[in-house]
Amino acid sequence: MSVYIAVELQEKIRHCFADCCAYCRTAEYLTATTFEFEHIIPRLAGGKTVFENLCLACPSCNRYKATRQTAIDPNTQEEVKLFHPQQQAWIEHFA
């Protein structure tokens, strides 16, 4: 179920992520799709609809991440937290 996000908050998120997907860094204008406002910590897990918990995501990344917050590291086989675009730098996380 979708949740209402105020236009001002949408604009702030778009500006913060430069109209690019927070996960794959694709620019929205290069695609034929409309990007989505994604709850980094899912609402089902108590995530709030606030700036610090929202990012811009392309539909592919948003569907792939879904409600996941962790994944198995293929090198260590340990469960690790997924990238949090509001708290971590993309270049450092994916380097």
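Under my numbering, think of the first position of the sequence shown as 1378, with each following residue one higher.
We treat Cβ as the ideally placed atom computed from N, Cα and C, and that holds for glycine.
Here the structure is a predicted model, which is why all the values come from computation and not from measurement.
Distance from the CA atom of P1436 to the CA atom of Q1464, rounded to whole angstroms, is 21 angstroms.
Looking at the DSSP output, I1449 shares a beta bridge with E1456. Residue range 1384 to 1393 is occupied by the alpha helix (DSSP H) that includes L1386. An exposed status is given to Y1381, since fewer than 16 other beta-carbon atoms sit within 10 Å of its beta-carbon. In chain order, I1382, Q1387, I1390, L1431, L1433 place their CB closer than 7 angstroms to the CB of F1414, counting only its own chain and leaving out the 5 sequence neighbours on each side. Rounded to the nearest angstrom, the gap between the Cα atoms of T1408 and Q1446 is 26 angstroms.
DSSP, reduced to helix, strand and coil, places F1428 within a helical segment of the structure shown.
Distance between Y1406 and N1452, taken at the CA atoms: about 35 angstroms.
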